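Notes follow the structure.
Number of protein chains: 2
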Amino acid sequence: MKGTTTLKDIAQRLGLSIATVSRALQDSYEIGAATKKKVVQLAKELNYQPNPYASSLRRRVSKTIAVVLPEVADSFFSLAINGIESVALEKGYHVLIYLTHESLVREKAILSEFKSGRVDGILISVSEETANGSHIREIIEAGVPVVFFDRVCDEVDASQVVTNDYECGRIAALHLAQQGCKRISYLCTSPALHISKKRMDGYREGLREAGLPFRETDIIVCGSSLTENSRLVEKILRKKNRPDGFIASVEKLTTPVYLSCPRLGLQIPEDVKLLSFTNLQAALILSPPLSTITQPAFEMGATAASLLFKSLDKKKRHGYNERVMINSVLIPRGSTQ
Amino acid sequence: MKGTTTLKDIAQRLGLSIATVSRALQDSYEIGAATKKKVVQLAKELNYQPNPYASSLRRRVSKTIAVVLPEVADSFFSLAINGIESVALEKGYHVLIYLTHESLVREKAILSEFKSGRVDGILISVSEETANGSHIREIIEAGVPVVFFDRVCDEVDASQVVTNDYECGRIAALHLAQQGCKRISYLCTSPALHISKKRMDGYREGLREAGLPFRETDIIVCGSSLTENSRLVEKILRKKNRPDGFIASVEKLTTPVYLSCPRLGLQIPEDVKLLSFTNLQAALILSPPLSTITQPAFEMGATAASLLFKSLDKKKRHGYNERVMINSVLIPRGSTQ
DNA sequence: CTGAAAGCGCTAACAA
DNA sequence: TTGTTAGCGCTTTCAG
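Shown next as structure tokens:
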């Protein structure tokens with residue numbers, strides 16, 4: 001942004017007005033073919049790049065979207081980013097990325113900035129602390145379309161892309177029951193989270209259908225550190241009425257189970273079975289290979305972005321929105337026999 | 338960006354000039370405490386958010402940086418993004434993310450856009466196709482500071498943050514040799530890549546020090562699909578002079594080895610040892626647990642960002658740059674006995 | 001087909 | 001301490 005060439009430079013060099021140059025570069029129909037060619041050529045020669053901020057200011061659009069995520073910790077969000085980026089690129093949009101680190105305060109701070117017109121739309125997966133969506137509604141009311149993906153805020157009227165969390169919770173429980181589990185424990189990090197609740201509800205329903213009792217104490221709320229979580233899992237496995245099956249509702253809760261079992265002389269899947277929500281390729285090479293519920297992470301990201309662009313195109317903003325569900329799949333492997 | 342309040346609105350409501358309001362909000366020393374208070378309060382009330390693009394246009398800075406990555410595929414880049422974001426946030430900068438998908442054409446297209454002033458600085462990890470850095474040099478000459486991280490382009494004079502790839506390649510070979518390997522194969526995806534070459538050079542040196550011969554045929558260039566790579570590894574393991582040790586210079590090349598060995602009745606680490614460059618937590622729970630060379634991904638991202646902000650602060654742009662190396666660590670586990 | 005002119009919202013000289 | 005004015009680079013009426 002130093003010796004940058006501007007429209008003015010081109011205009012002067014060619015003895016044209018700035019307006020003409022601008023129009024020529026936009027391939028406006030009302031410009032002579034001859035001048036158009038001249039302009040385009042000189043622009044290329046001088047390596048002209050329009051100043052995006054001047055243009056945004058004038059046009060009142062930024063050609064930029066924001067992606068607001070809790071973290072880029074697990075494989076789900078990594079893949080989702082790829083999906084989002086691929087469609088943004090295609091549409092000629094730029095992608096700003098923000099991490100909330102699961103903090104509502106941060107999420108609010110980030111979103112409040114968007115009333116300024118920095119972005120034309122927002123993709124968000126809410127933090128675990130986000131219970132009410134007033135800060136999100138505010139943004140929508142300010143005219144910036146929002147699309148939720150994965151972690152939604154149901155009370156807010158906006159487009160969303162989710163996966164069948166309830167159904168997967170149910171399937172998970174049923175699958176384990178079918179494999180002979182009598183006591184299935186559910187590992188999660190933040191039970192308040194919408195998707196976590198869905199999965200848990202599904203899990204309860206699955207237990208019911210399988211004729212197994214639900215016990216409050218089988219819901220294990222884990223923390224963030226690996227050692228902490230391992231200790232927790234070991235404690236449970238030492239009980240006399242220990243579970244014989246685990247559902248890890250979050251990728252990172254897989255590790256503590258694989259770590260704890262051998263320490264206590266327990267075998268997977270003979271003594272303890274495990275089924276995890278994860279997209280890790282490494283599931284294949286764990287031993288035994290990990291049974292997973294794999295989310296369509298890339299597709300969810302891409303679909304969310306498409307939905308956002310749809311509402312940007314149509315300027316339908318207020319009112320029109322879509323709710324899409326893309327199914328996850330259960331892939332049974334050795335960890336559930 | 339509809340009913341957005343502007344400086345003008347505040348000025349009118351308060352009977353002040355726009356300039357005064359602007360200065361008051363910037364806490365300028367030349368504004369009376371009384372008016373300052375009035376202005377700030379009304380701004381808060383009206384939920385005023387300055388238009389960033391107007392401000393960028395005028396000030397000629399965007400408070401935005403670009404992060405250009407090959408992909409968000411492996412754990413390294415995920416962690417690096419977290420590192421970058423954390424320091425950008427602290428400095429009040431916004432982060433645009435771009436993926437090259439290992440394509441030089443894309444990388445060029447992305448970078449050429451940055452001559453327009455969209456970003457104040459760039460963090461980049463180059464694509465595997467990037468051999469010469471002319472497109473990057475162009476950007477730097479246009480006055481936009483660039484910091485390389487991990488995958489650098491040595492011929493370009495810019496700040497960079499790398500890890501000790503050469504040394505790690507060497508250590509890797511020595512470690513395997515020490516554990517008894519006689520024939521160590523090196524798995525990589527793109528041998529042209531700078532860091533890949535460094536690691537490979539280190540590997541050769543390691544072999545030499547260990548008194549093992551280097552064989553061109555022990556360098557295995559893999560592709561991107563898992564099945565393809567597994568077939569490749571199996572083919573090698575079927576040879577009569579098969580390797581008894583592998584170095585996976587890329588995270589995703591771990592899987593084919595873990596997959597192929599049991600298929601051929603080979604045991605890790607008894608028959609085949611494996612050491613991988615990876616940051617995956619799952620290394621802990623593979624069986625046997627995977628020996629790794631773990632890169633300081635978060636720190637590298639954070640350091641690169643710090644370096645960038647340093648050159649932004651000091652406007653030292655041209656000329657002043659720093660080269661930082663942060664060491665990776667070898668963590669021996671079961672896969673190398 | 002082309003040009004003149006206004007203005008997007010903000011900042012920063014220069015006045016007062 | 002505050003206001004006036006010019007202008008960042010671009011788009012877009014409105015004239016010609």
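If you're matching them up, the sequences are chains B and C in order.
The first sequence begins at 1 in our numbering and counts up by one.
The second sequence begins at 338 in our numbering and counts up by one.
A virtual CB, placed ideally from N, CA and C, is assigned to each residue, including glycine.
Note that the structure is a prediction, hence the values are computed from the model and not measured.
In DSSP terms, what residue i is bridged to
i, result
"L433 of chain C", "B:L96 and C:A403"
"L7 of chain B", "According to DSSP, which records beta bridges pairwise, L7 of chain B is partnered with nothing at all."
"L61 of chain B", "Looking at the sequence provided, one finds Val at residue 61 of chain B rather than Leu. Note: V61 of chain B sits in no beta bridge, so no partner."
"S323 of chain B", "Looking at the sequence provided, one finds Arg at residue 323 of chain B rather than Ser. DSSP, once it has assigned bridges, lists B:Q160 as partnering R323 of chain B."
"I331 of chain B", "B:T292"
Alpha-carbon spacing of residue i relative to residue j, whole angstroms
i, j, result
"L7 of chain B", "V481 of chain C", "21 Å"
"P669 of chain C", "G202 of chain B", "41 Å"
"Y366 of chain C", "E113 of chain B", "25 Å"
"F485 of chain C", "V146 of chain B", "34 Å"
"R396 of chain C", "R231 of chain B", "54 Å"
"E107 of chain B", "V72 of chain B", "15 Å"
"Q295 of chain B", "S75 of chain B", "10 Å"
"K577 of chain C", "K273 of chain B", "39 Å"
"I418 of chain C", "H531 of chain C", "21 Å"
"S190 of chain B", "V126 of chain B", "12 Å"
"L601 of chain C", "G582 of chain C", "15 Å"
"Q363 of chain C", "T303 of chain B", "41 Å"
"S291 of chain B", "L259 of chain B", "16 Å"
"G83 of chain B", "T342 of chain C", "35 Å"
"A19 of chain B", "V661 of chain C", "48 Å"
"N229 of chain B", "L253 of chain B", "8 Å"
"A585 of chain C", "R118 of chain B", "43 Å"
"S399 of chain C", "K197 of chain B", "41 Å"
"H472 of chain C", "E659 of chain C", "21 Å"
"G671 of chain C", "I622 of chain C", "10 Å"
"A305 of chain B", "E85 of chain B", "8 Å"
"C518 of chain C", "P606 of chain C", "10 Å"
"Y320 of chain B", "I326 of chain B", "20 Å"
"S359 of chain C", "A142 of chain B", "22 Å"
"V40 of chain B", "A34 of chain B", "10 Å"
"S311 of chain B", "L394 of chain C", "28 Å"
"A177 of chain B", "R204 of chain B", "12 Å"
"D491 of chain C", "R545 of chain C", "26 Å"
"N501 of chain C", "Q179 of chain B", "48 Å"
"V87 of chain B", "R215 of chain B", "44 Å"
"A172 of chain B", "C188 of chain B", "14 Å"
"E439 of chain C", "K651 of chain C", "32 Å"
Where residue i falls, given that 16 or more other Cβ within 10 Å makes a residue buried
i, result
"M338 of chain C", "Model confidence at M338 of chain C stands at a pLDDT of 48, short of 50, so the residue's coordinates are unreliable; what they give is reported in the following sentence. The residue is buried, with at least 16 neighbouring Cβ atoms inside 10 Å."
"Q49 of chain B", "buried"
"A529 of chain C", "exposed"
"N51 of chain B", "buried"
"Y435 of chain C", "buried"
"N616 of chain C", "buried"
"S276 of chain B", "buried"
"S354 of chain C", "exposed"
"N47 of chain B", "exposed"
"Q604 of chain C", "exposed"
"T554 of chain C", "exposed"
"V404 of chain C", "buried"
"P243 of chain B", "buried"
Residue i CB to nearest heavy atom of the ligand ATP below 8 Å
i, result
"S86 of chain B", "In terms of ligand content, the structure shown is empty, and the ligand ATP therefore cannot be addressed."
Beta strand (DSSP E) runs contained entirely in the stretch 73-146 of chain B, provided each spans 3 or more residues: 94-99 and 121-124
Residue ranges of each beta strand (DSSP E) within the stretch 547-581 of chain C, 3 or longer: 556-558
Residue ranges of each beta strand (DSSP E) within the stretch 486-560 of chain C, 3 or longer: 496-500, 521-525 and 556-558
Whole runs of the alpha helix (DSSP H) within the stretch 580-648 of chain C, excluding any shorter than 4 residues: 591-600
Positions along the stretch 271-298 of chain B whose CB lies within less than 7 Å of some CB in chain C: L280, Q281, A282, L284, I285, L286 and S287
Near-chain B residues of the stretch 370-387 of chain C (beta-carbon distance less than 8 Å), N- to C-terminal order: N384, Q386 and P387
Near-chain B residues of the stretch 566-597 of chain C - C-beta to any C-beta below 8 Å: K589, T591, T592, Y595 and L596
Residues, ordered as in the chain, of the stretch 182-197 of chain B that lie near chain C by beta-carbon distance below 9 Å: none
Contact list for the stretch 76-110 of chain B against chain C, Cβ threshold 7 Å: S78, I81, N82, E85, H94, V95, L96, I97 and L99
Chain C contacts from the stretch 317-334 of chain B (Cβ-Cβ distance under 7 Å): none
Residues of the stretch 196-215 of chain B whose Cβ lies closer than 8 Å to any Cβ of chain C, in chain order: none
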